[in-house]
Amino acid sequence: MKSTFENWLAPMSILLLGFLSALLLPAPSPGPQFTARMMSLFHFSDLNQFYTFVLCLWFLLLGTIEFFVLRFLWRRFGKI
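Residue 1 is where the sequence shown starts when you use the working numbering, and the numbers rise one by one after that.
Laid out in structure tokens, this is it:
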């Protein structure tokens, strides 16, 4: 049976990797038409809410990609 720490290790590592990569990689900047369309779709009141949403998604996406890449490399090449 897995310990509680092992159950939390994957989400914590995804968030940590996302945080580190969000500091290094700039978030995508959508155009004005796309921004206006998304603001009306999600009912944001101002542009800051939209960019907070974009940065959170960017943060989680990068962390998840890095986690799975590192997990693949660890499983593939870590076993000697």
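Backbone N, C-alpha and C fix where the C-beta goes; we use that ideal spot for every residue, glycine too.
- S40 sits in a helix when the DSSP states are folded into three classes.
- By the beta-carbon neighbour count (other beta carbons within 10 angstroms, threshold 16), G18 is buried.
- Judged by their CB atoms, S21 and L62 are nearer to each other than the 8 Å cut-off.
- According to the DSSP assignment, G63 belongs to the alpha helix (DSSP H) that extends over L47 to F77.
- In the three-state reduction of the DSSP assignment, L25 falls in the coil class, being assigned neither a helical nor a strand state.
- Between T35 and F50, the gap from beta carbon to beta carbon is short of 8 Å.
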